[in-house]
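Participant: Heads up: the sequence shown at position 169 corresponds to 169 in UniProt numbering, and the numbers run straight through without jumps.
For each residue, glycine too, the CB sits at the ideal point set by N, CA and C.
Fair warning: this is a prediction, and the values are worked out from it, not measured in the lab.
Have a look at the structure that comes next, please.
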Amino acid sequence: MTKPTGYEPLHVLKPVDRDIWIVDGPSVKFYGLPFPTRMVVVRLAGGGLWLHSPVQPDAKILYALAELGAIQHLIAPNWLHFTYLTAWKHLFPKAQTWVAPGVVSRAGKKDQPLHVDHHLKSEAPPDWADEIDQMIFAGSRVHREAVFFHRASRTLILTDLIENFESGKMPAWSAPLLKCAGVKDPDGKAPIDLRWTFRKNRAQARASAEALLAWHPERVIMAHGRWYEQGGEAELRRAFRWALG
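So this is what it looks like as structure tokens:
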């Protein structure tokens with residue numbers, strides 16, 4: 001039986017704006033903490049579906065997605081978010097898999113099978129360039145996350161560059177750890193260990209953070225915790241103050 005995450009109902013399409021939804025998935029254990037998971041679904045102009053950080057597949061969400069359109073693209077946005085990519089590719093063999101830098105190496109170290117069709121770069125491919133901007137957030141040799149901006153809805157799509165855990169939806173004992181890591185709502189940001197990996201290349205991190213701000217997002221969605229339904233640009237300035245200086 002799936003343990004509560006605080007973001008129920010799970011495996012359900014939740015509208016963000018026209019042609020963009022989130023799907024909250026089950027929690028996964030990381031550093032001993034239950035991390036709630038979240039997928040973003042975009043319906044492209046041609047009707048195909050673009051799935052960012054796919055959550056554990058479930059019959060309920062598979063049926064709902066079938067009502068929306070054909071799944072065309074499966075996105076593994078960083079080296080920590082590829083776990084279910086192979087399962088989705090098995091279910092939808094015609095879908096194209098796209099992986100961020102570091103994913104292949106990480107999968108190899110974990111001896112986890114991974115089918116890769118394409119590698120994500122700092123420019124969006126023709127498949128979605130007319131609708132979604134993208135870049136690789138620079139400055140870390142370890143964490144090279146692909147970030148996306150859905151232009152029509154002005155929604156920035158991140159994964160771990162901001163984590164924003166709500167105390168009421170996490171174990172009580174975790175509150176001091178979350179605060180120490182810098183990922184406790186309402187002041188969520190990249191966790192301290194991730195920020196540390198940017199220490200030698202702060203200029204690159206700053207340039208990347210400024211590029212995110214230049215998109216002027218109204219919303220910011222991330223994989224873990226409360227996402228920002230409005231005031232996205234202000235939340236970015238707050239969360240990336242460690243990079244902006």
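(1) Would you check if the distance between the CB atom of G25 and the CB atom of T37 is smaller than 8 Å?
(2) Considering Cα atoms alone, identify which of R237, W128 and T97 is closest to P77.
(3) Just how far apart, CA to CA, sit R43 and A203?
(4) Helix, strand or coil: which one does DSSP assign to T97?
(5) Please state the DSSP three-state secondary structure of A70.
(6) My assumption, with CB atoms under 8 Å, is that L156 sits in contact with R219. Please give the rounded CB distance.
(7) Buried or exposed for W196, going by 16 or more other Cβ atoms inside 10 Å?
(8) Going by C-alpha to C-alpha distance, which of W21, L33, Q230 and A146 sits closest to A209?
(9) At which residue ranges does the region 121-166 contain complete beta strand (DSSP E) runs of 3 or more residues, listed in the order of the chain?
(10) So L236 is in the alpha helix (DSSP H); what residue range does that whole segment cover?
(11) So the candidates are K189, V183 and F165; which of them puts its Cα closest to the Cα of R226?
(12) For K189 versus A239, is the C-beta spacing smaller than 8 Å?
(13) How many angstroms separate the CA atom of E123 from the CA atom of A207?
(14) Can you check whether the CB of L194 is closer than 8 Å to the CB of H119?
(15) When DSSP labels each residue in this structure, what does D90 get in the three-state scheme?
(16) Based on Cα-Cα distance, which residue from Y31, P125 and L62 lies nearest to W88?
(17) Residues bridged to Y228 by DSSP?
(18) Report buried or exposed for T2, applying the criterion of at least 16 other Cβ atoms within 10 angstroms of its Cβ.
Facilitator: According to the structure shown:
(1) In the sequence shown, counting from the first residue as 1, residue 25 sits at position 25. In the sequence shown, counting from the first residue as 1, residue 37 sits at position 37. Yes, the pair counts as a contact, with Cβ atoms nearer than the cut-off.
(2) Stepping through the sequence shown from its first residue, residue 77 is reached at position 77. For P77, the nearest C-alpha among the options comes from T97.
(3) Counting from 1 along the sequence shown, the entry for residue 43 is found at position 43. Counting from 1 along the sequence shown, the entry for residue 203 is found at position 203. Roughly 35 Å between the two C-alpha positions.
(4) Looking up residue 97 in the sequence shown gives position 97. Residue state, collapsed to three classes: strand.
(5) For the purposes of this step, residue 70 is taken as the residue at position 70 of the sequence shown. In the structure shown, A70 sits in coil (DSSP, three-state: anything other than H, G, I, E or B).
(6) Against the sequence shown, residue 156 aligns to sequence position 156. Against the sequence shown, residue 219 aligns to sequence position 219. Right, their Cβ atoms sit about 7 Å apart.
(7) The residue you call residue 196 lines up with position 196 of the sequence shown. By the neighbour-count rule (16 or more Cβ atoms within 10 Å), W196 is not buried but exposed.
(8) As a working mapping, residue 209 is identified with position 209 in the sequence shown. A209 has its Cα closest to that of A146, out of W21, L33, Q230 and A146.
(9) 132-136, 146-150 and 155-157
(10) The sequence position of residue 236 within the sequence shown is 236, counting from 1. Note, L236: alpha helix (DSSP H), G232 to A239.
(11) Residue 226 sits at position 226 when you count from the first residue of the sequence shown. Ranking the options by Cα distance to R226, first place goes to F165.
(12) Within the sequence shown, numbered from 1, the residue matching residue 189 stands at position 189. Within the sequence shown, numbered from 1, the residue matching residue 239 stands at position 239. Yes.
(13) If you number the sequence shown from 1, residue 123 lands on position 123. If you number the sequence shown from 1, residue 207 lands on position 207. Cα to Cα, the separation comes out at about 16 Å.
(14) Here residue 119 corresponds to residue number 119 of the sequence shown, with the count starting at 1. Here residue 194 corresponds to residue number 194 of the sequence shown, with the count starting at 1. Taking 8 Å as the Cβ cut-off, H119 and L194 do not qualify as a contacting pair.
(15) As a working note, residue 90 is residue 90 in the sequence shown. The sequence as given places His at residue 90; Asp does not occur at that position. Helix at H90.
(16) As a working mapping, residue 88 is identified with position 88 in the sequence shown. Nearest of Y31, P125 and L62 to W88, Cα basis: L62.
(17) Sequence index remark: in the sequence shown, residue 228 carries index 228 (1-based). Answer is V220, bridged to Y228.
(18) On the sequence shown, position 2 is the one that residue 2 refers to. Its Cβ having fewer than 16 others within 10 Å, T2 is exposed.
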